[in-house]
Structures are given as C-alpha cells and as structure tokens.
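In my numbering, the protein residues as written are 35 to 327.
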C-alpha cells in the first residue's frame with residue numbers, strides 16, 4: 035500500500051487512548067501552562083534583570099526543544115495500533131480477546147446502572163449507541179443528557195459498574211485515573227457538553243456471573259458435595275455480596291465531576307494530533323520503502 039493511498043490527515047486519537055497518546059517523552063518535555071504564562075510575562079518586560087533574562091532564555095530553549103518530534107512509548111503504541119488497523123485491518127489480539135469479569139459485568143448491567151442513576155437523580159439519561167468525532171478526537175460515550183442528540187448534549191456521563199460493595203466504597207476515596215478523566219474530557223470536547231462526570235454505580239450481579247462465582251467457589255472450597263455445610267455457609271456469604279437491593283439506591287450511585295479541557299490543554303492535544311499525522315505519513319513512507327521487495 036503506497037503512502038498516497040492513505041490520507042494520514044484523517045488520523046484522530048481515540049478518547050480511551052488519549053492519556054497514553056499525550057504522555058511526553060522524558061527527552062522532550064513541553065512547557066507547562068504556568069511556564070507559558072511566565073514566558074509571556076518576561077517577554078513583556080522591557081528592562082529585564084540578569085536573572086529574568088536568564089529565566090527567559092531557559093524557557094525559550096525548552097520551548098524550542100519541545101518542538102522536536104520525540105514521541106513517548108505510550109504515544110508510539112497508540113500510533114502503531116492505528117497504523118496496523120488502517121493498513122491491514124488487524125488489531126492487538128491480547129487486548130481484544132482478554133476476558134475480565136468486571137468488564138463483562140459492566141457490559142451486561144449497563145442498562146440497569148443507567149436506570150438506577152436516572153431514578154436516583156431524577157434526570158433522563160440517554161444511552162449513546164454511536165461513535166462521535168471532531169477533527170482531532172473520536173470515541174463512544176456511555177450516556178448523555180440532552181434532547182437533540184449526542185452532538186448537542188449538555189452533560190456526558192461515563193458509567194463504571196463496581197463488582198462488589200467494598201470496591202464501590204473504595205472508589206469514593208481515590209482520585210479518578212487520569213486516563214478516565216481525559217476520556218470524558220474528550221467526549222465533552224467532541225459533543226460540546228459543558229458538564230462531565232464519572233458515575234460509579236452498584237447493581238445486582240447477573241445470574242450467569244453469579245453461577246460463575248458459584249463454580250469458582252466450588253473449586254476453592256472443594257467440598258465433598260454441594261450440600262456440604264462448609265460450602266453452603268461460604269456460598270451464603272458470597273451470594274449476599276453479589277446482591278445490593280438491601281442498600282438504598284441513593285447510596286449506590288456516586289459521581290465525580292470532570293472539568294472540560296482548558297484552552298491550553300485543547301490546543302496542546304490538537305497540535306500533537308497534527309504532528310502525529312505528519313509523523314505517520316513519514317513513517318509509512320520509510321517503512322514501505324525499506325520493507326518492500
């Protein structure tokens with residue numbers, strides 16, 4: 035496949051990969067928002083002191099260095115996944131085929147979580163079924179608030195269904211992972227929503243996963259029979275820990291507010307997408323030239 039047959043300017047970063055994509059190489063750190071502000075302040079001073087001029091030159095040097103295209107391993111992973119897909123239609127097998135119980139549960143009970151959240155908050159949440167995108171980002175949000183479709187949403191919410199009650203409680207006390215924050219921010223940027231959140235929900239475990247837990251417990255306890263007292267006692271505890279109707283609904287939905295991108299953050303993301311479009315074109319050109327018989 036020749037480089038001219040692929041329009042690399044159509045590359046967009048997936049919201050779920052944005053944190054890895056924006057990870058910086060240690061050898062090419064960009065200026066922070068505060069450093070950008072400080073450089074502008076120093077530029078505006080006509081009679082700078084020796085110290086101020088030294089600081090200014092240091093920031094200018096760092097800014098110039100940051101323009102060098104040195105991509106982090108996280109960013110390269112995102113680009114190579116995209117490259118593999120766009121050139122051959124192949125995906126990373128381990129990622130696509132892995133089986134994780136809490137992910138399986140999340141997919142199975144998402145509708146129950148949405149219903150619980152809507153009842154508790156008295157707000158109509160719409161399930162999103164489409165992938166959305168702008169010129170630089172793309173992704174598939176879980177749910178949104180708005181009567182005129184996802185692109186006119188006023189609020190984006192990302193549902194996280196907990197596996198058990200202790201796990202649900204622990205999420206209250208830990209910061210939201212940066213990858214989840216940036217994912218919701220990307221959805222907000224694409225849809226135009228001004229409100230965003232991560233919504234942790236706790237609803238009953240589906241029967242097929244309860245059966246799986248039952249069989250796992252059998253393998254762990256290894257009773258003489260399924261009617262053995264030791265197994266029945268253990269299963270009673272496990273089964274009770276997989277059902278949550280005894281807990282008020284208002285205590286089974288916990289939201290963490292996500293602020294939208296700042297103008298600085300948005301510009302930084304957009305600029306990196308542009309750089310990576312050109313990088314992909316050059317990579318493809320060199321790769322096919324050197325690896326085609």
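A virtual CB, placed ideally from N, CA and C, is assigned to each residue, including glycine.
Quantities reported herein were computed from a predicted structural model and do not represent experimental measurements.
My understanding is that residue i touches residue j, with C-beta atoms under 8 Å, so please give their C-beta distance in whole angstroms.
{"i": "residue 202", "j": "residue 46", "result": "Not confirmed; about 33 Å, so no contact."}
{"i": "residue 159", "j": "residue 118", "result": "That belief does not hold up - the Cβ atoms of residue 159 and residue 118 are roughly 35 Å apart, past 8 Å."}
{"i": "residue 223", "j": "residue 171", "result": "6 Å"}
{"i": "residue 269", "j": "residue 248", "result": "7 Å"}
Leaving out the 5 sequence neighbours to the left and right, which residues in its chain are closer than 6 Å to residue i when beta-carbon positions are compared?
{"i": "residue 146", "result": "237"}
{"i": "residue 229", "result": "189"}
{"i": "residue 212", "result": "53"}
{"i": "residue 184", "result": "162, 166, 178, 225"}
{"i": "residue 239", "result": "276"}
Measuring alpha carbon to alpha carbon, tell me which residue in the options is nearest residue i.
{"i": "residue 266", "options": "164, 218, 252", "result": "252"}
{"i": "residue 107", "options": "126, 127, 77, 55", "result": "55"}
{"i": "residue 169", "options": "313, 196, 315, 307", "result": "307"}
{"i": "residue 95", "options": "313, 65, 322", "result": "65"}
{"i": "residue 193", "options": "210, 180, 275", "result": "210"}
{"i": "residue 277", "options": "215, 310, 196", "result": "196"}
{"i": "residue 290", "options": "215, 164, 80", "result": "215"}
By Cβ distance, which residues of its chain are closer than 8 Å to residue i, with the 5 residues on each side in sequence left out?
{"i": "residue 3", "result": "Because the chain spans 35 through 327 in this model, residue 3 falls outside it and cannot be assessed."}
{"i": "residue 111", "result": "54"}
{"i": "residue 69", "result": "93, 96"}
{"i": "residue 298", "result": "67, 70"}
Roughly how many angstroms lie between the CA atoms of residue i and residue j, to the nearest whole one?
{"i": "residue 51", "j": "residue 206", "result": "24 Å"}
{"i": "residue 232", "j": "residue 125", "result": "28 Å"}
{"i": "residue 338", "j": "residue 204", "result": "Coverage of the chain is limited to positions 35 through 327, which leaves residue 338 absent and any answer about it impossible."}
{"i": "residue 43", "j": "residue 314", "result": "9 Å"}
{"i": "residue 182", "j": "residue 263", "result": "57 Å"}
{"i": "residue 296", "j": "residue 221", "result": "14 Å"}
{"i": "residue 312", "j": "residue 305", "result": "11 Å"}
{"i": "residue 260", "j": "residue 274", "result": "17 Å"}
Fully enclosed by the region 38 to 120, which alpha helix (DSSP H) runs are 4 residues long or longer?
52 to 56, 67 to 78, 84 to 100
List, from N- to C-terminal side, the beta strand (DSSP E) runs of 3 residues or more that fit wholly inside the region 160 to 232.
171 to 173, 177 to 179, 189 to 195
Minimum length 3: unbroken beta strand (DSSP E) runs contained in the region 263 to 318:
287 to 292
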